[in-house]
Amino acid sequence: MPRCLNCLRIVFLVSVLGVAGCVVNPVTGQREIALVSAQQEVSIGQEQYVPSQQMQGGAYRTDPELSAYVSQVGQKLAIASGVDLPYEFVVLNNSVPNAWALPGGKIAINRGLLTELRNEAELAAVLGHEVAHAAARHGAKRVERGILSQGVLLAAAIGASGTEYSQEVLGGAAMATQLLNQKYSRDAEREADFYGTEFMAKAGYDPYGAVTLQETFVRLSGAGATDWVNGLFASHPASQERLNNNRGLLKRLRAQGFDGGKLGQPDFARAMQPLLNAKPAYEAYDEARELYAQGDYDAALAKVNQALSMRDNEALFHGLRGSIRYRQNRYADAITNFDRALARDDRYFLYYLSRGLSHAELGQRDVARRDLSASVRLLPTAPAYQALGKLAEADGDVERAKQYYAQAGQSDGQEGQAARASLVRLELPSQPAKYIAARVSRDDRDRLVLQVNNRASLALADIVIQVELMTEAGVRSTTSRLERLGPGETRLSLLNVDPAQVQSVNAYPVSARLF
Ligand SMILES: [Zn+2]
Numbered sequence: 000m001p002r003c004l005n006c007l008r009i010v011f012l013v014s015v016l017g018v019a020g021c022v023v024n025p026v027t028g029q030r031e032i033a034l035v036s037a038q039q040e041v042s043i044g045q046e047q048y049v050p051s052q053q054m055q056g057g058a059y060r061t062d063p064e065l066s067a068y069v070s071q072v073g074q075k076l077a078i079a080s081g082v083d084l085p086y087e088f089v090v091l092n093n094s095v096p097n098a099w100a101l102p103g104g105k106i107a108i109n110r111g112l113l114t115e116l117r118n119e120a121e122l123a124a125v126l127g128h129e130v131a132h133a134a135a136r137h138g139a140k141r142v143e144r145g146i147l148s149q150g151v152l153l154a155a156a157i158g159a160s161g162t163e164y165s166q167e168v169l170g171g172a173a174m175a176t177q178l179l180n181q182k183y184s185r186d187a188e189r190e191a192d193f194y195g196t197e198f199m200a201k202a203g204y205d206p207y208g209a210v211t212l213q214e215t216f217v218r219l220s221g222a223g224a225t226d227w228v229n230g231l232f233a234s235h236p237a238s239q240e241r242l243n244n245n246r247g248l249l250k251r252l253r254a255q256g257f258d259g260g261k262l263g264q265p266d267f268a269r270a271m272q273p274l275l276n277a278k279p280a281y282e283a284y285d286e287a288r289e290l291y292a293q294g295d296y297d298a299a300l301a302k303v304n305q306a307l308s309m310r311d312n313e314a315l316f317h318g319l320r321g322s323i324r325y326r327q328n329r330y331a332d333a334i335t336n337f338d339r340a341l342a343r344d345d346r347y348f349l350y351y352l353s354r355g356l357s358h359a360e361l362g363q364r365d366v367a368r369r370d371l372s373a374s375v376r377l378l379p380t381a382p383a384y385q386a387l388g389k390l391a392e393a394d395g396d397v398e399r400a401k402q403y404y405a406q407a408g409q410s411d412g413q414e415g416q417a418a419r420a421s422l423v424r425l426e427l428p429s430q431p432a433k434y435i436a437a438r439v440s441r442d443d444r445d446r447l448v449l450q451v452n453n454r455a456s457l458a459l460a461d462i463v464i465q466v467e468l469m470t471e472a473g474v475r476s477t478t479s480r481l482e483r484l485g486p487g488e489t490r491l492s493l494l495n496v497d498p499a500q501v502q503s504v505n506a507y508p509v510s511a512r513l514f
């Protein structure tokens, strides 16, 4: 009964936000609150699946057979879950060992986790765990917690680990960053382990795979591997407790007759062989990326060339080579490399964004615009909108430039800041009142005080305020000048008039410029 009372109270509290109801969880069978309907869950997953993949390296496209194999294992677990969702499984081109599920059954596993698994049953344990998160509505509950704590579904982006431009992701896609970063509760993790293992047993796998998987995790966790700490262990701390729980569950499932399930070692080995062969190339690439991040471009180039000599068909390698050339101001060479990356994978935003920025540097505005627009269709980012704004400004289209800058300005990152400055610069001449507030009030000695406030997030200079005083003799105008006003700063000054003569006052900004 207390649960239902609580339930009612929450329904009452949030009913203002939309439809909420008490529902039965499809996996656990428990009654609980659903602020997000099943249909909303599915559409959240559908909307966020592409940006989530883009933020994490994009889909792994060099080996479609591996992706098909992973999907086919995933679909077996999806069926075993008994919860009807539009499940999808994707392998991401990312070396960090990680896996995740969005609400509505949109699931991903990184290339870097696959190479650590030993058989199909272990893969089924990972995917079963993620299927359980989706089927038991854990993701939807995180969204709901977001609603309860913030009152809004879409809030500012926070960085996803191991992701370029994550701080710069905008708009609806920013939600993906939140979904990927928030942690499930420990109860949710226990539930996902429990039901995930049950699903894998029902799908015909030996649940022993869930035990060996946890053993690997505990071992890696003890070794303190940074990749793992930043990846899977960030949301799923490995623990002896989880291992013990899985061992207990294995015993129980064996007692229930789940015996003789498949480990699937030969099938797994066959499907994984090309990726395992390519592992040294990806290791060279990961080193190159690190050197690139440290600004050691020559060493990064040598490493990425090494990766390319082992595997020429990987778009990521050509893309990194392009990024290095870009940093070295060799824009034409950079474009050649991004062309090669896009010839191998034309569905990853970063190649379009980087090629567009390179064209912009060379003053090739039309092609730059085309590439930047293609990049924001895959993932809206501040650097792309900022560059589009500059191009529009160069074309003399100030209105369009303002729109782009306003979009880029939503980001807290560097590009967002630059875009906000550009927007202030463009709008200040025609709309000074948008950034400067001026008003006149009487102080405790009845004197007239002019109060000027800089609402912009940047310092302003040469601010001119027009003050109109209504007196019995008619309107008297005076101007007040301020040399500089910091962001958010307010300045007070006494007006040199006899307050007794003044019936009313009006003050407004006339002009200002960026400091
Ligand atoms: Zn989990």
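Read in numbering that gives the first Met the number 0, the sequence shown has 121 at position 122, and its numbers run on one by one without any break.
All residues carry an ideal CB built from backbone N, CA and C; glycine is no exception.
Cut-off 8 Å between Cβ atoms - residues of its own chain near residue i, not counting five sequence neighbours on either side
{"i": "Glu163", "result": "Note that Glu163 scores 49 on pLDDT, short of 50, meaning its location in the model is unreliable; the coordinates nonetheless yield the value given after this. So the list reads Leu349, once near-sequence residues are dropped."}
{"i": "Ala202", "result": "Lys75, Leu76, Ile78, Ala79, Ala123, Gly127"}
{"i": "Pro279", "result": "Met309"}
{"i": "Thr581", "result": "The structure shown does not extend to residue 581, since the chain is modelled only from 0 to 514, so the question has no answer here."}
Pick from the options that is closest to residue i, judged by C-alpha positions
{"i": "Arg189", "options": "Tyr204, Val168, Gln213", "result": "Gln213"}
{"i": "Leu34", "options": "Ile334, Val22, Ala270", "result": "Val22"}
{"i": "Leu378", "options": "Leu122, Leu112, Ala407", "result": "Ala407"}
{"i": "Leu84", "options": "Glu119, Met54, Ala134, Ile108", "result": "Ala134"}
{"i": "Gln55", "options": "Pro96, Glu488, Asn92, Phe267", "result": "Asn92"}
{"i": "Ser428", "options": "Ile462, Val125, Ala100", "result": "According to the sequence provided, residue 428 is Pro. The question's Ser does not apply to it. The option with the nearest alpha carbon to Pro428 is Ile462."}
{"i": "Ile464", "options": "Tyr68, Lys105, Asn452", "result": "Asn452"}
{"i": "Pro382", "options": "Ser357, Asp365, Gln264, Asp394", "result": "Ser357"}
{"i": "Ala37", "options": "Gln305, Leu262, Asn24, Arg376", "result": "Asn24"}
{"i": "Ala420", "options": "Arg339, Gln239, Pro486", "result": "Pro486"}
{"i": "Gly260", "options": "Leu315, Glu286, Phe198", "result": "Phe198"}
{"i": "Gly473", "options": "Leu513, Tyr330, Gln502, Tyr207", "result": "Gln502"}
{"i": "Val496", "options": "Ser476, Ala233, Val366", "result": "Ser476"}
Classification of residue i by the beta-carbon crowding that lies within 10 angstroms, buried from 16 upward
{"i": "Leu116", "result": "buried"}
{"i": "Ser42", "result": "exposed"}
{"i": "Thr196", "result": "buried"}
{"i": "Lys182", "result": "exposed"}
{"i": "Val151", "result": "Below a pLDDT of 50, predicted positions are generally treated as unreliable, and Val151, at 31, falls in that range; the measurement from the model is reported next regardless. Its Cβ having fewer than 16 others within 10 Å, Val151 is exposed."}
{"i": "Thr380", "result": "buried"}
{"i": "Gly412", "result": "buried"}
{"i": "Thr211", "result": "buried"}
{"i": "Val15", "result": "The predicted model places Val15 with a pLDDT of 41, which falls under 50 and marks its position as unreliable; any figure quoted below should be read in that light. With fewer than 16 other Cβ atoms within 10 Å, it is exposed."}
{"i": "Leu248", "result": "buried"}
{"i": "Leu493", "result": "exposed"}
{"i": "Gln272", "result": "exposed"}
{"i": "Asn118", "result": "buried"}
6 Å Cβ shell around residue i - same chain, five flanking residues per side excluded
{"i": "Ser70", "result": "Phe88"}
{"i": "Tyr384", "result": "Tyr403, Gln406, Ala407"}
{"i": "Gly57", "result": "Asn92, Tyr347"}
{"i": "Asp443", "result": "none"}
{"i": "Gln500", "result": "Thr470"}
{"i": "Asp445", "result": "Pro498"}
{"i": "Val26", "result": "Ala134, Ala135, Tyr194"}
{"i": "Thr61", "result": "Asn312, Glu313"}
{"i": "Phe11", "result": "For Phe11, the predicted structure reports a pLDDT of 42, less than 50, and the residue's modelled location is therefore unreliable. A value from the coordinates is still provided. Excluding sequence neighbours, Phe11 sits near nothing in its chain."}
{"i": "Pro508", "result": "Pro431, Ala432, Ile435, Ala437, Ile464"}
{"i": "Glu129", "result": "Ala98, Ala100, Ile106"}
{"i": "Asn505", "result": "Glu467"}
{"i": "Ala270", "result": "Leu65, Tyr68"}
{"i": "Asp394", "result": "none"}
{"i": "His137", "result": "Tyr183, Ala187"}
{"i": "Arg399", "result": "Ala391"}
Cβ separation of residue i and residue j, assumed to be a contact under 8 Å, to the nearest whole Å
{"i": "Gly362", "j": "Phe337", "result": "Actually they do not touch by this definition, with Cβ atoms about 17 Å apart."}
{"i": "His132", "j": "Ala191", "result": "5 Å"}
{"i": "Ile323", "j": "Tyr296", "result": "5 Å"}
{"i": "Leu425", "j": "Leu274", "result": "Not really, about 49 Å apart at Cβ, beyond 8 Å."}
{"i": "Arg441", "j": "Leu449", "result": "In fact, because the Cβ distance is near 11 Å, the residues do not count as touching under 8 Å."}
{"i": "Tyr59", "j": "Arg110", "result": "5 Å"}
{"i": "Leu319", "j": "Tyr351", "result": "Not really, about 15 Å apart at Cβ, beyond 8 Å."}
{"i": "Glu40", "j": "Gly103", "result": "5 Å"}
Bridge partners - residue i, DSSP secondary structure assignment
{"i": "Ile108", "result": "Val90, Ala98"}
{"i": "Ala513", "result": "Residue 513 is actually Leu in this sequence, not Ala. For Leu513, which the question treats as bridged, DSSP gives the partners Leu459."}
{"i": "Gln450", "result": "Arg438, Leu491"}
{"i": "Glu31", "result": "Val22"}
{"i": "Ala506", "result": "Val466"}
{"i": "Ala58", "result": "Leu91"}
{"i": "Val168", "result": "Thr380"}
{"i": "Arg480", "result": "Val463"}
{"i": "Val366", "result": "DSSP lists no partner for Val366."}
Beta-carbon proximity list for residue i, same chain, < 7 Å, skipping 5 on both sides
{"i": "Arg368", "result": "Leu387, Leu390"}
{"i": "Val397", "result": "Leu425"}
{"i": "Ala200", "result": "Pro206, Leu252, Phe257, Gly260"}
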